[in-house]
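To convert a position in the sequence shown, counted from 1, into our numbering, add 557.
Cβ atoms here follow ideal geometry from the backbone N, Cα and C, with glycine treated the same way.
The structure appears right after this line, and notes come after that.
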Amino acid sequence: LHADANTDLTIVRRGIAAALPDAFLPIGVERLDAALSGGLPKAALSEIHGTQTRDAGAVAGFALSLTSLILKQTPGLPVLWIGTSEIFREAGFPYARGLHASFGIEPEQLLFSEAPRLVDALWVAEEAARMTALAAVILEIRGNPQRLDLTATRRLHARAQAAGRPVFLLRQAAEPEPTAAPVRLIVASAPAVPRDTIAGPLAGSIGRPAFALTIGKSRTALPGQFTLEWNPDERAFDERWGDEKRSEGRDRTKNPVPVVSLSGGGKDPAPASGAVLAFPAVGSPLSPAARDQPSRPQRAAHLGPRRAG
């Protein structure tokens, strides 16, 4: 097999196919796109992971940013967002006004499908993934359910390849596990920097949304960590450099409360709630409320104990 040096060949399960110039969705960050060999594949299943529940907003925001990039290339087509009732109760829905202000997405371009069970959500996703009338399909799942196995992701990936449309699998509060997706991105929130003004950074202000992104799996197997900012005016990503770039683990806000042990007799029980204080009973001479209580002969008869019979 002879090919030009500039031709990118992608080996797929059903044979060898030449990757066309528009086969990938460029993120817009040169270093990240190079690590992904051109960007995210348009006709494939891609995973976007959040390792903790508190990263749900960052994962959803990153998915909406990708949706904004897709809709630039496929205007007029809607995007279907599928999720279980559990994840929508936990993470909520995108704010309609914010869709246009931050991502340039009209509310009618983003369709939602809520399924009571995971098996129903998977069925909807498989049927939607084959539709060319959709610009993309987003499937949001919480945790590591057993039903979302390698076989289920293979079906989603095959449907995406056949339709030539991307399918984004959002894994909230999940651990990485084997799937058919060729790309896995781990996303968390990153600290925002102050807004830039003519006079310099505006103290006390909150700048553009930022994401801490790690390549968990890719076709090139090149690792990488990035801090990206979403520019809502340009509808594009920028990479943060220099002293403003912060690592995820060092500057993340710690949980304000200790983690409660799940087992009653485990090795690491939850810490005690504090010192136990004894309060005098109402009516006791030590109680401040005792002065306001009438003596027993002065109490109304109807306040006495009830007797049966």
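Own chain residues within Cβ distance below 8 Å of Gln609, not counting five before or after: To locate residue 609, count along the sequence shown from 1; it is residue 52. Once the five neighbours on either side are set aside, the close Cβ partners of Gln609 are Ala730, Ala745.
According to DSSP, what are the bridge partners of Gln729? To locate residue 729, count along the sequence shown from 1; it is residue 172. Gly607, Arg699.
Runs of beta strand (DSSP E) lying entirely within the stretch 700 to 784, each at least 3 residues, in chain order: 724 to 729, 740 to 746, 767 to 774
Is it buried or exposed, Lys629, if we count other Cβ atoms within 10 angstroms and call 16 or more buried? Taking the sequence shown and counting its residues from 1, the one referred to as residue 629 is at position 72. Burial call: exposed.
Do Ile662 and Thr624 count as a contact pair if the criterion is CB distance below 9 Å? Numbered from its first residue, the sequence shown carries residue 624 at position 67. Numbered from its first residue, the sequence shown carries residue 662 at position 105. Closer than 9 Å, so yes.
By Cβ distance, which residues of its chain are closer than 7 Å to Pro735, with the 5 residues on each side in sequence left out? Here the question's residue 735 lines up with position 178 in the sequence shown. Non-local beta-carbon contacts of Pro735 in its own chain, meaning distances under 7 Å to residues more than five positions away in sequence, involve Leu707 in chain order.
Starting from the C-beta of Leu675, find all residues in its chain whose C-beta is less than 8 Å away, skip the five residues before and the five after it, and write them out in chain order. Locating residue 675 in the sequence shown gives position 118, where the first residue counts as 1. So the qualifying residues of the chain are Thr641, Ile698, Pro702, Arg704, Leu705.
Distance, Cα to Cα, Arg741 vs Val724? Here residue 741 refers to the residue found at position 184 when the sequence shown is read from its first residue. Here residue 724 refers to the residue found at position 167 when the sequence shown is read from its first residue. The alpha-carbon separation between Arg741 and Val724 amounts to approximately 12 Å.
DSSP three-state assignment for Gly822, whether helix, strand or coil: Locating residue 822 in the sequence shown gives position 265, counting from the first residue. Caution is warranted here: a pLDDT of 49 is assigned to Gly822, below 50, making its placement in the model unreliable, and the coordinate value is therefore given only provisionally. The answer is coil: DSSP assigns Gly822 none of H, G, I, E or B.
Pairing CB atoms from the stretch 775 to 784 with CB atoms from the stretch 754 to 766, are three or more of them under 8 Å? no
Hey, how far is the Cα of Gly614 from the Cα of Pro651? One-based indexing of the sequence shown puts residue 614 at position 57. One-based indexing of the sequence shown puts residue 651 at position 94. Approximately 9 Å between the Cα atoms of the pair.
Report all residues from its chain with a CB closer than 7 Å to the CB of His714; omit the five preceding and five following residues, and keep chain order. As a position in the sequence shown, residue 714 is number 157, starting the count at 1. Here the set comprises Ala601, Leu602, Ala737, Ala738.
Skipping 5 residues on each side, what residues in its chain have a beta carbon closer than 7 Å to that of Pro733? Counting from one through the sequence shown, the residue named residue 733 turns up at place 176. Counting only Cβ-Cβ distances below 7 Å, and skipping sequence neighbours, we find His606, Arg741, Gly773.
Please report how far the alpha carbon of Arg797 lies from the alpha carbon of Glu786, in whole angstroms. In the sequence shown, residue 797 corresponds to position 240, counting from 1. In the sequence shown, residue 786 corresponds to position 229, counting from 1. Roughly 7 Å between the two C-alpha positions.
For Leu637 and Leu656, which I take to be in contact (beta-carbon distance under 8 Å), what is that distance rounded to the nearest angstrom? Sequence index remark: in the sequence shown, residue 637 carries index 80 (1-based). Sequence index remark: in the sequence shown, residue 656 carries index 99 (1-based). That belief does not hold up - the Cβ atoms of Leu637 and Leu656 are roughly 15 Å apart, past 8 Å.
Between Ala749 and Leu679, what straight-line distance do the alpha-carbon atoms span, to the nearest angstrom? Position 192 of the sequence shown holds residue 749. Position 122 of the sequence shown holds residue 679. Approximately 35 Å, taken between the alpha carbons.
Checking 9 Å against the spacing of the C-beta atoms, do Arg792 and Phe619 come in under that value? Looking up residue 792 in the sequence shown gives position 235. Looking up residue 619 in the sequence shown gives position 62. Cβ distance not < 9 Å, so Arg792 and Phe619 don't count as in contact.
If you measure between the beta carbons of Val616 and Asp795, is that distance less than 9 Å? Translated into positions along the sequence shown, residue 616 becomes position 59. Translated into positions along the sequence shown, residue 795 becomes position 238. For Val616 and Asp795, no; Cβs fall outside 9 Å.
Given a cut-off of 9 Å, decide if Ala692 and Ile639 are closer than it, judged by their beta-carbon atoms. Within the sequence shown, the letter at position 82 stands for residue 639. Within the sequence shown, the letter at position 135 stands for residue 692. Annotated as distal: Ile639 and Ala692, with beta-carbon spacing of 9 Å or more.
Range covered by the alpha helix (DSSP H) that runs through Ser625: Start at 1 with the first residue of the sequence shown, and residue 625 comes out as number 68. From DSSP, the alpha helix (DSSP H) with Ser625 extends over 613 to 630.
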